[in-house]
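Below: the structure, in structure tokens.
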Amino acid sequence: MAKTKRKRKKRHDSMVLQLMILVAIVLVVFEGRLVVTMITHRSSMRQTVVTDGTTTTDSSGTLGEQPSAADGDSTSPETAFTSASRGSTNHDSVLAGLPLAGNTGAAATSAPQTEAPKHDTVSNPDSQAIVPKTDPAVDDSYFSDAVFIGDSRMQGFQNVSGITQGTFFTSVGMSLPKMKSEAIIQTQDGMITVAAALSGGKYNKIYIMLGTNDLGEYDWDSFHDGFVACTKRFQEIQPDAVFYICSVIYVEESKVQTGSYVNNANVDKINSILLQVCEEQGYHYLDFNEILSDGYGSLIAGASSDGVHIYENYCKQMLTYMKNHYIPVTNDDADASGEETESETETETEGSEA
Amino acid sequence: MKKLTAILCTTLMVVSLTACGGGGNKEVKVDAGKLTTELLATVTTDTLAEMTVDPSTVYFYEADDVASATAYASSGATACEVAVIESKEASNTANIEKQLQTRVDNQKELYASYNAAEADKLGDAIIKSAGAYTVLCVCDDTDKANEILKGYGF
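If you read the sequences in order, they're chains A and B. The first sequence runs 1 to 354 under this note's numbering. The second sequence runs 1001 to 1154 under this note's numbering.
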């Protein structure tokens, strides 16, 4: 009996040992592959160390060097990646209907270049609400106390226009109902409404680009009233801010796939409402179609891949347009703003002391 | 003899498993500019441009944790974006990954009712870290992007 037990125990020990050997072999094989991969990778890394865009071989074979900027910028490693294209705003003068040379997309060829524009981009060209060209052009610091609210077109402007200052509350698919009440703005603390986001700071300029996602969604009177109600709410939150209402940019209808209601007739209609709101409420209307129209009431051909979202070069033109179309701050405004800032600082100081 | 073999096997296993657990702290040095350029080639339906606003205002990571960052985004036509972020310490990458994931989740939610195809693309978003580097890649060819990242040690 005892012999049988010993035999079983011996067999059991032997099985455990064999199992351990098997596991060890598997691990050795697995780790061996890892080692091979590691050696191969180190070898390839040695070949891909790039300095000023030229591939060289790192003879040291170490992987501990600072990465170099691919564009050959001589800035420090800490800033090399982020500074590559900053400050590269395109200041080329632009004319309505004349496409930029060398734009990212297909070259525009169909836009008329010799005839006078046949289509007014605004319903009332004499409107005092339309922001005229103003000299001198401002620089990016003008936008340091500005907030930009808008849909994917505004988000595209944020992403690729070259703007370096300002706060952006943008969201793809933003429509009037969404801007009014839905939590669509991404923040560090999660998604919040535009109004809640606006409440988080002090802004002296508010740019709103909205309407593309509202084209044909409901009746125009509702849009007018809803837009006024929404901007009035924003005014309550930021009573000292200058309101710039951006025109809805024309679309290239043949490329639009989001719905037939996204057409230029509707763009003209919604823009006439936006201009009307500006006249009624004392807001300022930025007519981007002055530079982005082909002269016939459509987006410049080839300015966009999907007919709606314009390429980088055109976003840069928008930024240039903004810098040339603004409401100068009068001395009275500046004094009032200064007094308020002083007063706010005092209050904050008192608050922190308490 | 058997005891000795058992001890050896156990030691070997412990050493092997320890090596497996060390992946997150591996020494990796990445040419971020070159990696970004390669990843941009995996975006075939759009032409991305470099973000000129501070990427920390878009991704909401702690700017103080980051040594450098480069991000490329769309003009709005697609949800594609590529970001390569180098942390000051490798230990910061977990938090950066978390912020990038939040960004992707939020974008996916917003795109769901706006452009379903782009929402799907966000569903395949790649967020990976190696050493002190973290990458976000929302692109058209995720297999290719993963292959590129593997070559860089991700």
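Even for Gly, the Cβ is constructed at its ideal location relative to N, Cα and C.
For the ligand HEM, is there a heavy atom less than 8 angstroms away from the beta-carbon of residue 262(A)? Although the ligand HEM was asked about, the structure shown includes no ligands whatsoever.
Establish whether the CB of residue 64(A) and some CB of chain B are separated by less than 9 angstroms. Start at 1 with the first residue of the first sequence, and residue 64(A) comes out as number 64. Only weak support exists for where residue 64(A) lies, its pLDDT of 30 falling under 50; the coordinates are left without a value.
Would you call the region 262-271 of chain A and the region 190-197 of chain A in contact, with 3 or more CB pairs under 8 angstroms? no
Given a cut-off of 9 angstroms, decide if residue 1053(B) and residue 1133(B) are closer than it, judged by their beta-carbon atoms. Here residue 1133(B) is taken as the residue at index 133 of the second sequence, counted from 1. Here residue 1053(B) is taken as the residue at index 53 of the second sequence, counted from 1. No, the pair does not count as a contact, with Cβ atoms beyond the cut-off.
At least three beta-carbon pairs within less than 8 angstroms, the region 208-224 of chain A to the region 272-280 of chain A: yes
By DSSP, does residue 230(A) sit in helix, in strand, or in coil? Position 230 of the first sequence, counted from the start, is the residue given in the question as residue 230(A). In the structure shown, residue 230(A) sits in a helix (DSSP, three-state: H, G or I).
Just checking my contact of residue 165(A) with residue 199(A) at CB under 8 angstroms: how many whole Å lie between their CB atoms? Mapped onto the first sequence, residue 165(A) falls at position 165. Mapped onto the first sequence, residue 199(A) falls at position 199. Incorrect: roughly 21 angstroms between the Cβ atoms, too far for contact.
Positions along the region 212-234 of chain A whose CB lies within less than 9 angstroms of some CB in chain B: 213
For the alpha helix (DSSP H) that residue 1147(B) lies in, which residues bound it at each end? Position 147 of the second sequence holds residue 1147(B). Per DSSP, residue 1147(B) belongs to the alpha helix (DSSP H) from 1142-1151.
Suppose you measure from the CA of residue 229(A) to the CA of residue 301(A); what does that come to, to the nearest Å? Position 229 of the first sequence, counted from the first residue, corresponds to residue 229(A). Position 301 of the first sequence, counted from the first residue, corresponds to residue 301(A). Cα to Cα, the separation comes out at about 35 angstroms.
Smallest Cα separation from residue 312(A): which of 161(A), 178(A), 258(A), 130(A)? As a position in the first sequence, residue 312(A) is number 312, starting the count at 1. Of the listed residues, the one whose Cα sits closest to residue 312(A) is 161(A).
What three-state label does DSSP hand residue 1128(B) in the structure shown? Walking along the second sequence from the start, residue 1128(B) turns up at place 128. The answer is strand: DSSP assigns residue 1128(B) an E or B state.
Would you list the one or two residues that DSSP bridges to residue 284(A)? As a first step, residue 284(A) is located in the first sequence; it is residue number 284 there, counting from the start. In DSSP, residue 284(A) forms a bridge with 244(A).
Whole-angstrom C-beta distance between residue 1127(B) and residue 1101(B), which should lie under 8 angstroms: Numbered from its first residue, the second sequence carries residue 1101(B) at position 101. Numbered from its first residue, the second sequence carries residue 1127(B) at position 127. About 6 angstroms separates the two Cβ atoms, so the contact holds.
For my contact list, residue 129(A) and residue 284(A) are in at a C-beta cut-off of 8 angstroms; report their separation, rounded to the angstrom. For this step, residue 129(A) is matched to residue 129 along the first sequence. For this step, residue 284(A) is matched to residue 284 along the first sequence. With a Cβ gap of about 6 angstroms, residue 129(A) and residue 284(A) count as contacting.
Taking 8 angstroms as the cut-off, does the region 292-299 of chain A touch the region 206-218 of chain A (at least 3 CB pairs, one atom from each stretch)? no
Within 9 angstroms of any Cβ in chain A, is that where the Cβ of residue 1064(B) sits? By 1-based counting over the second sequence, the position of residue 1064(B) is 64. Not an interface residue.
Considering residue 1137(B), what are the terminal residues of the beta strand (DSSP E) in which it resides? As a position in the second sequence, residue 1137(B) is number 137, starting the count at 1. It spans 1133-1138 - the beta strand (DSSP E) in which residue 1137(B) sits, taken as one unbroken run.
Sub-9 angstroms separation of residue 1137(B) and residue 1066(B) beta-carbons: As a first step, residue 1137(B) must be located in the second sequence, where it is residue number 137. As a first step, residue 1066(B) must be located in the second sequence, where it is residue number 66. No. Outside cutoff.
Counting only runs of 3+ residues fully inside the region 140-216 of chain A, write out the beta strand (DSSP E) ranges in chain order. 146-150, 167-170, 185-187, 190-192, 205-209
Nearest by alpha-carbon distance to residue 173(A): which of 1113(B), 1140(B), 1150(B) is it? On the first sequence, residue 173(A) is found 173 positions in, with the first residue counted as 1. Among 1113(B), 1140(B), 1150(B), the Cα nearest to that of residue 173(A) belongs to 1113(B).
Residue environment, residue 50(A), which counts as buried when at least 16 other CB atoms sit within 10 Å: As a first step, residue 50(A) must be located in the first sequence, where it is residue number 50. At residue 50(A) the pLDDT is 28, less than 50, meaning the model places this residue with poor confidence; the figure from the coordinates comes in the next sentence. Buried, since its Cβ has 16 or more Cβ neighbours within 10 Å.
Starting from residue 253(A), trace the beta strand (DSSP E) in both directions and tell me its first and last residue. Counting from 1 along the first sequence, the entry for residue 253(A) is found at position 253. Note, residue 253(A): premise wrong, no beta strand (DSSP E); not H, not E.
What did DSSP end up calling residue 1070(B) once you bin it into helix, strand or coil? The residue you call residue 1070(B) lines up with position 70 of the second sequence. Here residue 1070(B) sits in strand by DSSP.
Classify residue 1083(B) as helix, strand or coil using the three-state DSSP reduction. The residue given as residue 1083(B) occupies position 83 in the second sequence. Three-state result, residue 1083(B): strand.
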